[in-house]
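Heads up, the sequence shown is in this note's numbering, so the first residue is 19 and it goes up one at a time. Built from N, CA and C at the ideal position, the CB exists for glycine as well. These numbers were taken from a predicted model, which means no experiment stands behind them.
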Amino acid sequence: MNGQDLIFTLKTIALSKDRLEMQQLLQQCHPADIGAVLGAFELEQVCLLLALTPAAARAELFGYIDKDKEADIVRALDNQAVSELFLHMSPDERADLFNVLSEEDQAKVLPGLAQAEREDIRRLASFDEDKTGSVMTSDYALLDQQLTAAQGIARLRKVAPDKETIYQAYIVDADRRLLGTVSLRQLIMAEPEQLICDFMQREPIFVSADAPREIAAQLISKYDLLALPVINGGDKLVGIVTYDDAMDVASEEADQDFHKTGAVGQVLGSIKDASVKMLYQKRVFWLVLLVFGNIFSGAGIAYFEDTIAAYVALVFFLPLLVDSGGNAGSQSATLMVRALATGEIVLKDWASMLGREFIVAGLLGLTMAAAVSVLGIWRGGPEIALVVALTMQLVVIIGSVIGMSLPFILSRFKLDPAAASAPLITSIADACGVLIYFGMATWLLDLPVTG
């Protein structure tokens, strides 16, 4: 069923208020597809459709609704409906929802929940948004190491409906310290009477609840884990991060880095639904800042007015040269930002990377200088060609070194290396390119400088 047909069907159900038809639709379509089109409905219609949905399916469907609309929907529901919704949501999702609610709406939620659920929500919601604890869930399966493989399978079969995943189970001691993990595959492959402690994986990969959440995503990706155990300061198991949550984290981090690389603030929600005011606010700061940064390029041009007047042909090559330095710098910055984000390189690798960047940039500069020198001979003769070729060589090297080094510098000062945006690199490279170009021309062409 395509999007338009799904919207039409949902509108028909909203008009008829037919619960059976809604249940049939849920059997035909994945909740993700239904949640994706609910953004086209008015708030009242969304609440009505949720009310027609069985409680467990309602919580799953709610998880796929646009995050910007979730708080408004909770505000529109009555107390009983909100409590029922929170009761059936997974621990990590309800903690995320709880965090975006106002204090008044939070007070509306908690009284309808049991003490265990209230404490679980408060604990998960207490972590900062950028920490691993904010994306972990407390719905994990525990097994005793003294159980047999057959008993372990029976135990997982019993608790499966209430757990986020049963493909990986965790073994802890009496103080909930993590001892090891065991997969469902290991349990099935083991002899029925074999004790779990004989084949469980000891010293498993884990992450601290206070670690940056991208670290959890990197560990899950690196070790191909279905879920990653999360411990607190006392080595006690407090939750797990599942691979689907890790994918969400990686996607969000990639979006943020992409926006920063383009010198754009983070756009909340869908770009399609973003207001003109939000888009303006997210873009204006860097653009105005870079306008004033480009004053240095203008000052450089003004300083070499006599050189430009004597050799007007130099102006033809100015955009070509300064843009080449900016482009080379942006390429280097993009590679370094990504490598730092994925952990491929660390701060101590700067020196070795710098040496290699000099070689690569030098080769790139030689290639581009050879290409542009032909154009220089055609437009201004051998002297201009020499100036243009040498300038191209230098601006590519300097632009590349700036682009490579800036992410390391930002990381050194505990700043996000993604802030080394392409517009910023380009503006710095432009100013350097202007000074190098006209300085080189004044020197090689033996012209006086009166600026």
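Between alanine 459 and tyrosine 329, the C-beta spacing is below 8 Å. The three-state secondary structure of threonine 166, taken from DSSP, is strand. For alanine 379, there is no enclosing beta strand (DSSP E); the enclosing alpha helix (DSSP H) covers residues 368–398. Under the three-state reduction of DSSP output, serine 144 falls in the coil class, being neither helix nor strand.
Using a Cβ-Cβ distance cut-off of 8 Å, the segment 131–142 and the segment 237–248 are not in contact, since fewer than three pairs of beta carbons, one from each stretch, lie closer than that value. The C-beta distance from methionine 422 to serine 348 rounds to 11 Å, too long to meet the 8 Å contact threshold. Annotated three-state conformation of threonine 30 is helix, per DSSP. Of the candidates Ser342, Asp84, Phe145, Val302, the residue whose Cα lies closest to the Cα of serine 445 is Ser342. A Cβ-Cβ separation of about 5 Å places arginine 220 in contact with glycine 198 under the 8 Å criterion.
Short of 7 Å from the beta carbon of arginine 195, and not among the five residues preceding or following it, lie these beta carbons of its own chain, in chain order: Asp253, Lys254. Among the bridge pairs identified by DSSP, isoleucine 258 is matched with Thr155, Pro247. Below 8 Å, too few C-beta pairs join the segment 351–361 and the segment 377–385 to call them touching: fewer than three. By the neighbour-count criterion, in which a residue is buried when 16 or more other Cβ atoms sit within 10 angstroms of its Cβ, tryptophan 368 is buried.
Burial check for glutamate 78: the Cβ neighbour count within 10 Å reaches 16 or more, so the residue is buried.
When DSSP reads this structure, alanine 187 sits in a beta bridge with Ala159, Val200.
Note that the C-beta distance between glutamate 232 and valine 267 is below 8 Å.
For the set Asp36, Val55, His48, Gln41, the Cα lying nearest the Cα of phenylalanine 26 is the one of Val55. Around proline 435, the same chain offers Val355, Leu358, Pro425, Leu428, Ser429 as residues with beta carbons nearer than 6 Å, after the five sequence neighbours per side are excluded. Three or more Cβ pairs closer than 8 Å define a contact, and the segment 138–148 meets that threshold against the segment 116–128.
The count of Cβ pairs closer than 8 Å, one atom from the segment 69–77 and one from the segment 94–110, reaches three, so the stretches are in contact. Take arginine 112, set aside five residues on each side of it, and the residues of its chain with a beta-carbon closer than 7 Å to its own are Phe104, Ile139, in chain order. Residue state for lysine 35 is assigned as coil, using DSSP reduced to three classes. Membership of lysine 126 in the alpha helix (DSSP H) is indicated by the continuous run 121–127.
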